[in-house]
Every structure is written in C-alpha cells, then in structure tokens.
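Residue numbers (UniProt numbering): 1 to 270.
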C-alpha cells in the first residue's frame with residue numbers, strides 16, 4: 001500500500017493566487033547550525049543529501065519551501081539544488097534579519113530591503129520570489145509603523161520581483177496589522193503556544209494567508225505516553241480554517257514521510 005501524499009490537498013494562500021501544500025519544507029538546517037533552538041544537535045546535509053530530501057518532498061506532494069537570508073547558506077544552496085525546477089515550487093523567503101559570524105542583526109530600511117531581495121533573487125537563481133516575509137525582531141508595531149520595509153515590499157510586488165508579502169512576527173497586534181496591509185502572516189501555533197490564534201481568525205475572516213512556524217514546537221512537544229505528538233499537533237493545527245500551510249524543518253527522510261502521512265490522514269478525516 002502506498003503512503004498518503006499531499007498532491008490533492010493543496011489550498012489557496014489567502015488571496016495571493018498561490019496554491020500551497022498543507023506542509024512546507026523549512027530549510028534553516030540546510031544552511032545554519034548555530035544559534036538554532038532545537039532539542040538535539042544536527043549535521044548540515046551535504047548536497048547529495050539535500051537533493052534527495054528535496055526530491056522526496058516533491059514526491060510526497062510538498063510544493064512550498066521556506067528559506068531566509070538569516071538561515072546561513074540556505075538560499076545560496078537552494079539556487080543550484082532547485083535548478084530546472086522553478087515551476088515546481090512556491091518559494092518563501094524573508095527580509096530584515098541577517099546572520100553573520102554567528103550573530104543576528106536586523107535592518108528594516110528601504111535600502112536594505114531592496115538589496116536583500118535583489119541578493120535573494122540572485123542566490124535562488126530566479127526572476128521572482130513567490131512570497132517574502134519580514135523577519136521581525138519582536139518589535140512588530142514599530143517595524144510596521146516606523147520602518148520602510150513594508151512599503152518597499154509593496155513596491156517590489158508592483159515591480160513583479162515578488163508575488164506577495166507579509167510578516168513573520170511575534171505578537172497578535174503585529175500579525176493583525178501586517179494582514180491589514182499585506183498578503184500573509186506567519187505565526188507560531190502549536191500544542192504549547194496558541195497566543196496568536198487571533199491572527200489566524202482575522203486571516204480567515206478577511207481572506208488573508210497564514211503560514212505556521214514551530215508547528216511541532218521545534219521538536220519540543222511532549223505528550224502523554226502513547227500519544228503521537230505529530231498527529232496531536234496537526235489535529236490542532238488543521239482544525240483552524242485560516243491556516244494554509246505549516247512549515248516543518250526536518251532533514252530526516254523518515255520524519256518527513258511520517259509528517260506528510262500524518263497530515264494527509266488528519267486533513268482527510270476532518
């Protein structure tokens with residue numbers, strides 16, 4: 001018997017016109033192994049391992065890939081790895097956070113935003129990025145009210161360099177404000193943290209897109225014995241009609257297959 005896949009479960013990402021798989025592949029582990037909040041250490045996969053992981057993701061029906069300049073070498077590795085496959089992927093990247101020499105820094109100016117997008121286009125070897133999110137430092141309302149990043153992204157969308165833009169924030173107020181002016185918000189929502197549910201509800205009511213980060217609490221979910229934490233997490237998540245896709249950052253092929261099979265079963269049983 002073949003395992004369930006996500007090929008027939010794509011869903012609209014708000015009103016962007018993009019159709020995405022209910023799970024997306026997060027790629028921080030393709031480019032960065034410092035300052036990441038996972039319970040266990042890991043080794044960054046080599047090109048052959050990364051290529052096999054991407055191929056497996058596509059075979060399982062995943063079409064959404066999530067990257068960022070703050071993910072070390074992730075973007076520059078994905079460019080060559082995805083060569084010839086641009087039409088197969090919805091690519092999400094970010095602006096606002098840089099990670100250099102083991103240290104994060106943030107810049108939400110117009111000049112940096114434009115430079116960052118041009119650099120991402122070059123690294124990813126593409127003419128456009130499907131969705132760009134602002135990588136918040138936690139000061140969500142300050143970034144949206146006082147910085148130039150959002151209006152610059154709106155201009156880049158008009159120029160056709162990005163197809164949609166939004167915000168990966170840390171507060172309900174920031175998430176809602178970001179959705180008022182943008183296309184999508186990325187929120188934390190899992191068995192341990194549900195404070196941003198109001199952002200998901202706002203998106204559902206206004207036809208905006210929601211991507212979920214830390215859907216499995218970055219590997220920290222703990223439940224009673226005999227309870228599958230992945231199934232419990234996805235049951236909670238996909239009960240929310242506003243959620244388009246959850247980003248999972250595994251580099252383990254078995255974990256990836258299990259995540260996809262579980263998500264497909266949970267969604268079909270709803």
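Just so it is clear, CB atoms sit at the ideal spot from N, CA and C, and this is done for glycine as well.
Asked, Found
"The beta strand (DSSP E) enclosing residue 66, as first and last residue numbers", "64-66"
"Residue 7, DSSP secondary structure in three states", "coil"
"C-beta atoms of residue 65 and residue 117 nearer than 8 angstroms", "no"
"Separation of residue 69 from residue 95, as counted between CA atoms", "7 angstroms"
"Closest by C-alpha distance to residue 240, when choosing among 18, 22, 7, 16", "22"
"Residue 210 beta carbon less than 8 angstroms from that of residue 185", "yes"
"Residue 109 classed as buried or exposed, judged by whether at least 16 other C-beta atoms fall within 10 angstroms", "exposed"
"Contact with chain B by residue 17, beta-carbon distance below 8 angstroms", "The question asks about chain B, but that chain is absent: this structure has only one protein chain."
"Beta strand (DSSP E) segments (min. 3 residues) lying fully within the region 102-144", "103-106, 131-135"
"Residue 213 burial status per 10 Å Cβ neighbour count (16 or more: buried)", "buried"
"C-alpha gap between residue 203 and residue 164, whole angstroms", "15 angstroms"
"Closest residue to residue 112 among 150, 130, 91, 101 (Cα-Cα distance)", "150"
"From 91, 31, 159, 225, residue whose alpha carbon lies closest to that of residue 102", "31"
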